[in-house]
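Visitor: Provided herewith is a single structure, encoded as structure tokens, for subsequent inquiry.
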Amino acid sequence: MTGDGGGAGVNQRAYRTAVISFVVAIVGGITAAVGYWTDNTGDLLGLGLAAALVGIGVGLVCWEKFLDLDDHVVQQREPLRLTPQAERELEDEVRTSENVLGRRPLLVGLLGGSFLSMVIGFVGPIGSLGPKPRGERGRTSWSPGARLVTTSGEPIAAEGATYDQLVTVFPEGHIGVDDSQVVLLRMPPDVLTRRTLDGGALDGWVAYSKICSHAGCSVGLFGIDTRQPDTLRQLVCPCHQSIFDPADGARPTGGPAPRSLPQLALGVDDQGFLVAVADFDRPVGPLAWNET
Amino acid sequence: MSAGPGPADPARPASEDSDSVPGPEVAPESSQNRTSAASAGGRQHRGVVERYVGAVTGRVGAESFVGKVLHKVFPSHFSFLWGELALYSFMVLLITGTYLTLFFEGSQQTLIYDGSYRPLRGVEVSAAYDSVLRISFDVKGGLLIRQMHHWAALVFVGAIALHMARIFFTGAFRRPRELNWVVGLILLLLALAAGFTGYSLPDDLLSGTGLRITQAIILAIPFVGERLTYLIFGGEWPGTDIIGRLYPVHILLIPGLIIVMLSVHLALVWRQKHTQFSGPGRSERNVIGLRVWPGFAIKSVGLLFVTAGVITAMGALFHVNAIWLYGPYSTAAATSYSQPDWYIGFLEGSLRLFPPWEIRAFGHTINNLVFSAMLIPGVIFAGLFLVPWIERRLSGDDRDHHVLDRPRDAPHRTAAGAAAITFVAVLFLGGSQDVIAGTLDVSIGHVTTVLQIAALVGPPVAYVIALRMCRTLAGRGGPDRTERAGGITRDPAGGYHSTFEGDVDDVEDELVAEEGEVAVETALVDSPGTGRTS
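As given, the protein sequences belong to chains A and B, one line each in that order.
Going by my numbering, the first residue of the first sequence is number 1, and it counts up by one from there.
Going by my numbering, the first residue of the second sequence is number 293, and it counts up by one from there.
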């Protein structure tokens, strides 16, 4: 059982390695069982199984090396191309079947037609996978007078908030509705541009749809850079790094987003909480083919 | 036994007497090695193995089928292993995946998590997310299997990519193997689809974000996009159907298609026989290598176990897709440093690097995603599918090829491949441009600009560099010996003969005489590299 007659040193080494590998494999399997038994599933189980598998694999390869089965043999390829005669025969056969089947053009036409109608018949069940779009994308849950509330349901008082903090808000009663997510920010009123004020900014408050106009991720990052004389404020989408300028109507200033984020016009209700004046005036998020 | 270090050593197999390997029947040329006891008494008392072999061959045909299977010849070269590696990681995927289906819940029903991972207790999560947490924390050994599954998927696609690169750079896609190139690409697409659907199933924040982007891409498809998203997601994003729908696609539809295409892929390899690098005695009309049984089969099964073992070790040692850290998917949440699995990186990069172009006119929009998520990957894959036909058009070479080029022997093909890889690599880097910027502490915008320029300038530069390298290398001799040469030849009558090194030139001459064109080409390909033929 020692393979002592092996002769060449390579074979001896291969034999020894195979022996060691199989022993490692056996130990690995037992280790895995112990690992499972003792709740060490993180390391003992996994590493034991790995040792068992690698041991078997290396053992087999070394065994093969030891037996020195690496003899190369030559095998002739069979030609893959047909001989001209065989090709002619095949063509004849095809032509014959064409003639046989094509002799009844009415049947051929009807068969084609019946396949087509069968396919049409199966379109119905596929349509059941989802409803027809009925303009849901054109509107969100925002309505005139809807309060802005945080994800925990608290309304936002128009007075007394600190500047430059991002809050995610939803219309009251519609928390978590995807297309109604909005980023709310308060900035010093003097930094806002004309178009931002026209779009419905209120006393430094601005609200934009939180759905990136590029690929629909949530624009969840607000960055402020005060190193330069002109403080730089940015809304950033974490997915593809689109950058929007919240002081200028959420105009895209970098990255792949092609359009600004729709702005939500803000007002204040009689209790001093922020409300929406109206729904967005255009679809939120990335556009479908028939939207602009 | 000419090539082995210990030629025809009668004493060696002393330890093999008890072996039940049916050596004498299927490997007659080595019988003098392994007989002693076995053949002395073997004929009278047929052992168990012999009887089973007899039972099989008596039914499917000894010479015609089993003999052919066992005698099939495979050339050996390390680069031929990538395809096997892909196959074996797919096996690991099937086994670990089956285990996971026993616990996974493909549903978006919400419930309050109360498992053993404390930080998420009391959080409202989907049943899918809950079941993946259960697999990770409450099923003993479940995390290991889950991480093995994920690592195996990463290895699977990687092995396919390497395999494809090998096929491309050696010209193995040429006639008569164009069809198998296409089948292989379909397998790559299926692997990507399997990876993406599987990645989406746990319904965590990262995968939910990925699905959100996918929805936006589908929405952007001209004419049918909106209707299509409603069909796929069962209405407006996010709906409550998508996880339950991706589940059967991931565990039944795509694996089924992979198995079908894999069968076609392997059947074609079998029928057309493997390609081989040029070398002594090798020609377009033969194939030199190991026979399936026993050498190739034992090594290949060994590779299967090593692959599975390494994947198991990865699953045990390295966390992957720790969804409990990402949290469940929730509307209005997103996180920075959100990268997909590596094989989607090129698409992520395309989305990040493409300029903010969008065409809006006449009440219609050609969305930015039409360019970055459809046009660019479309061009990449259309180019890949057309590779055999593009090369044929450019080279005018319509002959059968069974002998492989070394990359340097086809400089323009190699340069084109280098350019394509450079482009995809830049896109891949673009998919992590925020991580790069964070690591180097520079602005993301600058990294993006640099990568945008690199995507345009890099490929032509890579083309020129690769072309020059090929030309330089072509004039240089290769190593004396890259693989074992010669060995045993089988003559038409079935006898086996040793091919000594001295025969090599004769073999070549004979081929030149017999098949002028093809053999001359072989010799041309051959001469610069293998010092031995000159």
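We treat Cβ as the ideally placed atom computed from N, Cα and C, and that holds for glycine.
Source: prediction; values computed, not measured.
#1: In the structure shown, what three-state DSSP assignment does A/SER218 receive?
#2: For A/GLN271, count the other beta carbons within 10 Å of its own beta carbon; 16 or more makes it buried, fewer makes it exposed. Which is it?
#3: State the Cα-Cα distance for the pair A/ARG349 and A/VAL182, rounded to the nearest angstrom.
#4: Going along the stretch 217-231 of chain A in order, which residues come within less than 9 Å of chain B, judged by CB to CB distance?
#5: To be precise: take each residue of the stretch 70-103 of chain A, compare its Cβ to all Cβ atoms of chain B, and keep it if any distance is under 9 Å. Which residues remain?
#6: To the nearest angstrom, how far is the alpha carbon of B/GLN439 from that of B/GLN725?
#7: For A/VAL277 and chain B, any beta-carbon pair shorter than 9 Å?
#8: Which residues of the stretch 522-534 of chain B have a Cβ closer than 9 Å to any Cβ of chain A? Give them in chain order.
#9: Can you list, in chain order, the stretches of the alpha helix (DSSP H) that have 4 or more residues and sit fully within the stretch 565-651 of chain B?
#10: With a threshold of 9 Å between beta-carbons, can B/ILE736 be considered close to chain A, or not?
#11: Can you tell me the Cα-Cα spacing of B/GLY641 and A/LEU80, whole angstroms?
#12: Taking 9 Å as the cut-off, decide whether the C-beta atoms of B/ALA389 and B/ILE543 are in contact.
#13: Roughly how many whole angstroms lie between the Cα atoms of A/GLY138 and A/VAL284?
#14: Could you tell me the alpha carbon to alpha carbon distance between B/SER428 and B/GLU528, rounded to whole angstroms?
#15: Quick check on B/ARG583 - is its C-beta less than 9 Å from some C-beta in chain A?
#16: Kindly say whether A/TYR208, judged by its beta-carbon, lies nearer than 9 Å to any beta-carbon of chain B.
#17: Which term fits B/VAL449, buried or exposed, when burial requires 16 or more other beta carbons within 10 angstroms of its beta carbon?
#18: For A/VAL27, go through chain B and note every residue whose CB falls closer than 8 Å to its CB, in chain order.
#19: So which residues of chain B does A/HIS214 contact, with C-beta pairs closer than 7 Å?
#20: Assign B/ARG763 to buried or exposed, taking buried as 16 or more other Cβ atoms, counted over all protein chains shown, within 10 Å of its Cβ.
#21: Taking Cβ to Cβ, would you say A/ALA18 is nearer than 9 Å to A/LEU53?
#22: I want to verify the contact list: residues of chain C whose CB lies under 7 Å from the CB of B/PRO468, in sequence order.
#23: Could you give the residue range of the beta strand (DSSP E) that holds A/TYR208?
#24: Assign B/TYR491 to buried or exposed, taking buried as 16 or more other Cβ atoms, counted over all protein chains shown, within 10 Å of its Cβ.
#25: For B/TRP374, return the contacting residues in chain A, with the cut-off set at a CB-CB distance below 9 Å.
#26: Just by C-beta distance, which residues in the stretch 612-631 of chain B are closer than 9 Å to chain A?
#27: With respect to the alpha helix (DSSP H) encompassing B/PHE720, which residues constitute its N-terminal and C-terminal limits?
#28: How about the stretch 416-427 of chain B and the stretch 387-403 of chain B: do they share at least three Cβ pairs that are nearer than 8 Å?
#29: When the cut-off is 9 Å and only beta carbons count, does B/ASN578 lie next to chain A?
#30: Can you give me, in chain order, the residues of the stretch 257-291 of chain A that have a beta carbon less than 9 Å from any beta carbon in chain B?
#31: Could you please give me the residues that DSSP links to A/ALA157 through a beta bridge?
#32: So B/PHE396 contacts chain A; which residues on that side make the cut at Cβ distance below 7 Å?
#33: Just mark B/ASP689 as buried or exposed, buried being the case when its beta carbon has 16 or more other beta carbons within 10 Å.
#34: What residues from chain B crowd round A/TRP63, counting only those whose CB sits closer than 9 Å?
#35: Given that a residue counts as buried once 16 or more other Cβ atoms are within 10 Å of its Cβ, and exposed if not, what is A/LYS132?
#36: For chain B, find out if any of its Cβ atoms is closer than 9 Å to the Cβ of A/GLN241; answer yes or no.
Guide: Judging by the given coordinates:
#1: strand
#2: exposed
#3: Outside the shown range of chain A, which is 1 to 292, sits residue 349 of chain A, and nothing can be said about it.
#4: CYS217, SER218, VAL219, GLY220 and LEU221
#5: ASP70, ASP71, HIS72, VAL73, VAL74, GLN75, GLN76, ARG77, GLU78, PRO79, LEU80 and ARG81
#6: 26 Å
#7: no
#8: TYR522, LEU523, ILE524, PHE525, GLY526, GLY527, GLU528, TRP529, PRO530, GLY531 and ASP533
#9: As far as the stretch 565-651 of chain B is concerned, its whole alpha helix (DSSP H) runs of at least 4 residues are 589-609, 615-618 and 637-645.
#10: yes
#11: 43 Å
#12: Sequence inspection shows Gly at residue 389 of chain B; the Ala mentioned does not correspond to that position. Yes, these two residues count as a Cβ contact at 9 Å.
#13: If I take the Cα positions, the gap works out to 8 Å.
#14: Answer to the nearest angstrom: the Cα atoms are 31 Å apart.
#15: yes
#16: no
#17: Within 10 angstroms of the beta-carbon of B/VAL449 lie 16 or more other beta-carbons, which makes it buried.
#18: Within chain B, no residue comes near A/VAL27; the closest Cβ sits about 14 Å away, beyond 8 Å.
#19: ASN660
#20: exposed
#21: no
#22: No chain C is present in this structure, whose protein chains are A and B.
#23: Its beta strand (DSSP E) spans residues 205-209.
#24: buried
#25: By Cβ distance, chain A contributes nothing, its closest Cβ being about 17 Å from B/TRP374, past 9 Å.
#26: SER622, THR623, ALA624, ALA625, ALA626, THR627, SER628, TYR629 and SER630
#27: 703-722
#28: yes
#29: yes
#30: For the stretch 257-291 of chain A, residues whose beta-carbon sits nearer than 9 Å to a beta-carbon of chain B comprise ALA257, PRO258, ARG259, GLY285, PRO286, LEU287, ALA288, TRP289, ASN290 and GLU291.
#31: A/PHE273
#32: Per Cβ cutoff of 7 Å: no residues; B/PHE396 is ~18 Å from chain A at best.
#33: exposed
#34: ILE590 and GLY594
#35: exposed
#36: yes
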